[in-house]
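In this text, residue positions in the sequence shown follow my numbering: the first is 9, and each later residue adds one.
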Amino acid sequence: MIKKRVAVLISGRGSNLQAIVNDTRNKDCPYQVVAVISNNPLAEGLQFAENNDITTAILNHKQFANREVFDQALAKLIDSFQPDIIALAGFMRILSNDFVEYFKGRLINIHPSLLPNFAGLHTHQRAIEAGVSEHGATVHFVISEVDAGQIILQAKVPVLKSDTPEILGVRVLEEEHRIYPQALRLLAENEIKFEN
Ligand code: DQB
Ligand code: GRF
């Protein structure tokens, strides 16, 4: 069986990257991670990738004149690994319209809320402040409008009276680590596709 090629884009810790790489250890996994790319030279996830013999690349956005030039270089770098799927996993740079259009249908992200609720940042704190009883995580296709792309998978967790953003965040993160590999499997097995 030919495995689909996945490039993972990170900016930090890389715990979702770890969950994805762990899934690739299963013989039946329909995808492989061919590259880990970070815009942040200090991203902790880079070390994990290197320790696991995965090719890494750093493209520091601070060394580019503007977003468009950075995104063009990033697209070129990604293409050099010939990935079928590009997975954002804690990648903290907004991507320009041209970039998103170029990789349309192959570019996915995980967001720590039940979209369309709590698009944007600080989702756990905002969920607690809003007094919702359920929160969670969403894997979605990336479109130009941030956090608005078609939903692939969601997982719910309860919000408890005693929750702090940190405690709730851990509960959500456990679900992220479960559904991100699952979503990659669906995409790799052509069980879902992007439609405008
Ligand atoms: C995200 C990372 C950061 C943000 C959102 C999503 C954010 O709002 N950051 C504050 C502004 C930072 C900046 O100026 O760059 N991670 N690009 C497009 N669409 C998306 C999702 C992520 C990253 C880039 C998207 C994205 O849905 N066009 C996920
Ligand atoms: C996760 O909460 C993810 O949902 C969000 O950024 C965080 C990344 O964490 N997009 P990690 O780097 O995968 O540990």
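For glycine and all other residues, C-beta sits at the position ideal for the given N, C-alpha and C.
All values derive from a computational prediction rather than experimental measurement.
HIS130: CB within 7 Å of a non-hydrogen atom of ligand 2
no
Check the C-beta distance from ALA27 over to VAL44 and give it rounded, since I have them as a contact under 8 Å.
The pair is not a contact, with the Cβ atoms about 13 Å apart (cut-off 8 Å).
Does the stretch 89-99 come close enough to the stretch 179-195 that 3 or more CB-CB pairs lie under 8 Å?
yes
Just verifying my parser: in three-state terms, what is the DSSP assignment at PHE89?
The three-state reading of DSSP puts PHE89 in coil, since its state is none of H, G, I, E or B.
State the DSSP-derived secondary structure class of LYS169, mapped to helix, strand or coil.
coil
Range of the contiguous beta strand (DSSP E) that encloses ASN117:
115-119
Under 6 Å Cβ to Cβ from PHE78, same chain only, skipping five residues before and after it: list those, please.
HIS69 and PHE72
Out of ASP61, PRO49 and SER104, point me to the one whose CA is closest to LEU67's CA.
PRO49
Grab me the residues of ASN60's own chain with a C-beta within less than 8 Å of its C-beta, minus the 5 sequence neighbours each way, in chain order.
VAL29.
CB of ASP79 to nearest heavy atom of ligand 1: below 7 Å?
no
Using the Cα positions of CYS37 and GLY128, report the straight-line distance between them to the nearest angstrom.
31 Å
Using only the alpha-carbon positions, how far apart do GLY22 and SER46 sit?
Whole-angstrom Cα-Cα distance: 10 Å.
Measuring only from the beta carbon, is PHE72 closer than 7 Å to any heavy atom that is part of ligand 1?
no
Report back the beta-carbon spacing between ALA156 and GLY144 to the nearest angstrom; my notes put them in contact at under 8 Å.
Going by Cβ atoms, the distance from ALA156 to GLY144 rounds to 17 Å, so no, they are not a contact pair.
Cβ pair HIS148, HIS130 closer than 8 Å
no
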